[in-house]
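Quick notes on the structure that follows.
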Amino acid sequence: MLHWQGIYVIWLRELIRFFREKLRIVTSLIQPVVWLFIVGRGMGSNFSPMGLDYAEFMFPGVVGMTVLFTSIFSAVSIVWDREFGFLKEIMVGPVSRTSIVVGKALSGSTTSVLQGTLVLMLAPFVNVDLTVSSFVSALLVMFLISFSLSSFGILIASRMETMQGFQLIMNFLVMPMFFF
Numbered sequence: 001m002l003h004w005q006g007i008y009v010i011w012l013r014e015l016i017r018f019f020r021e022k023l024r025i026v027t028s029l030i031q032p033v034v035w036l037f038i039v040g041r042g043m044g045s046n047f048s049p050m051g052l053d054y055a056e057f058m059f060p061g062v063v064g065m066t067v068l069f070t071s072i073f074s075a076v077s078i079v080w081d082r083e084f085g086f087l088k089e090i091m092v093g094p095v096s097r098t099s100i101v102v103g104k105a106l107s108g109s110t111t112s113v114l115q116g117t118l119v120l121m122l123a124p125f126v127n128v129d130l131t132v133s134s135f136v137s138a139l140l141v142m143f144l145i146s147f148s149l150s151s152f153g154i155l156i157a158s159r160m161e162t163m164q165g166f167q168l169i170m171n172f173l174v175m176p177m178f179f180f
């Protein structure tokens, strides 16, 4: 049975942790900017698929990459909480395990959609025209994908004992998703 208050508290805790780590926010936005403006503009003079600017061609992939990495690696909080004993404290509380997973997945998808939205805001700078309907559709797709990937990350993280093991497995699984 889902406990909505428990889901909310876990979701809120993860968001507070996310917004307190300013460096994490900044560094997660640097990679899309580098891809769009340095690689996209740098290679744009040599490569022009279907008459598009290369940065414009790359834009959907960069948004997808942002959502992919942010949502999957948000599950690292499970391993982190386990290492410091906080996961055990949550597990003995009056909240079902399903509620814990849903709260963690919702927080991962929320941060992922927020970062994807920030990247979408760069659309005018790379000559991508977004209508209101395409923007709302992109938000919905980003949420569905990020919730699924956050849940997948939580599934993997629930089996991992160490941070290094989690990062190794996730890099092994994410890299093929990134290129295909």
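In this note's numbering, the protein residues as written are 1 to 180. Quick reminder that beta carbons are idealized off the backbone N, C-alpha and C, glycines included.
### Query
Quick one: Cα of residue 117 to Cα of residue 148, how far?
One alpha carbon belongs to residue 117, the other to residue 148, and they sit about 18 Å apart.
### Query
For residue 11, is the classification buried or exposed, using 16 other Cβ atoms within 10 angstroms of its Cβ as the cut-off for buried?
Per the 10 Å Cβ criterion, buried.
### Message
One question on the structure: do residue 150 and residue 74 come within less than 8 Å of each other, judged by their Cβ atoms?
### Response
Their beta carbons are under 8 Å apart, which means residue 150 touches residue 74 by this criterion.
### Message
If you measure between the beta carbons of residue 88 and residue 14, is that distance less than 8 Å?
### Response
Not a contact, by the Cβ cut-off of 8 Å.
### Message
Assuming contact is defined by CB atoms lying nearer than 8 Å, are residue 170 and residue 72 in contact in what I supplied?
### Response
Against a cut-off of 8 Å, the Cβ pair of residue 72 and residue 170 comes out as a contact.
### Query
Alpha carbon to alpha carbon, what distance is there between residue 3 and residue 127?
If you take the alpha carbons of residue 127 and residue 3, they lie about 45 Å apart.
### Message
Within 10 Å of its beta-carbon, does residue 140 have 16 or more other beta-carbons around it, so buried, or fewer, so exposed?
### Response
Label assigned to residue 140: exposed.
### Message
What does the alpha-carbon distance come out to for the pair residue 199 and residue 32?
### Response
Only positions 1 to 180 of the chain appear in this structure, which leaves residue 199 out of reach.
### Query
Just reading off the alpha helix (DSSP H) that residue 81 is part of, what are its end residues?
In the DSSP assignment, residue 81 falls within the unbroken alpha helix (DSSP H) covering 76 to 83.
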